[in-house]
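Below is one structure, written out as structure tokens; comments come after it.
Numbering (the working numbering), first residue to last: 327 to 437.
Next comes the structure, spelled out in structure tokens:
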């Protein structure tokens, strides 16, 4: 169970990373739709697991690798945005959220 502070920090990080991906890493994600679906923050706020959804689905693993290569830049830009709210900037770990792909697969099976 996450505390209220963890939930607030997670929502703020989700908004900030989505904006960073959209504006500052636009050249990396060009031509793809990347959505930050969920952020989970550890109780000590030192680690954050970021789940991203990528469309088209067949390019999700390549896009995840590209984002992981730029994780240091994302963390630096995130630190500039949240420096007044947190003492330390959390370590970022990116994962693919394939729930939309799963939903689409089930939808196709039902048709």
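C-beta atoms are modelled at their ideal positions from N, C-alpha and C, and glycine is treated no differently.
Predicted, not measured: the structure shown is a model, and the values here were computed from it.
### Query
Looking only at C-alpha atoms, which of 329, 427 and 352 sits nearest to residue 384?
The residue labelled residue 384 in the question sits at position 58 within the chain shown. Ranking 329, 427 and 352 by Cα distance to residue 384 puts 427 first.
### Query
Start and end of the beta strand (DSSP E) containing residue 374?
Working through the chain shown from its first residue, we reach residue 374 at position 48. Start and end: 373-381.
### Task
Starting from residue 366, trace the beta strand (DSSP E) both ways and give me its first and last residue.
Here residue 366 is taken as the residue at index 40 of the chain shown, counted from 1. Counting along the chain, the beta strand (DSSP E) containing residue 366 begins and ends at 359-367.
### Task
With a 10 Å radius around its C-beta and 16 neighbouring C-beta atoms as the bar for buried, classify residue 418 as buried or exposed.
On the chain shown, residue 418 is found 92 positions in, with the first residue counted as 1. Residue 418 comes out buried.
### Query
Can you name, in chain order, every residue of its own chain whose Cβ lies under 7 Å from the Cβ of residue 364, other than the five neighbours on each side?
Translated into the one-based positions of the chain shown, residue 364 becomes position 38. Result list for residue 364: 377 and 423, in chain order.
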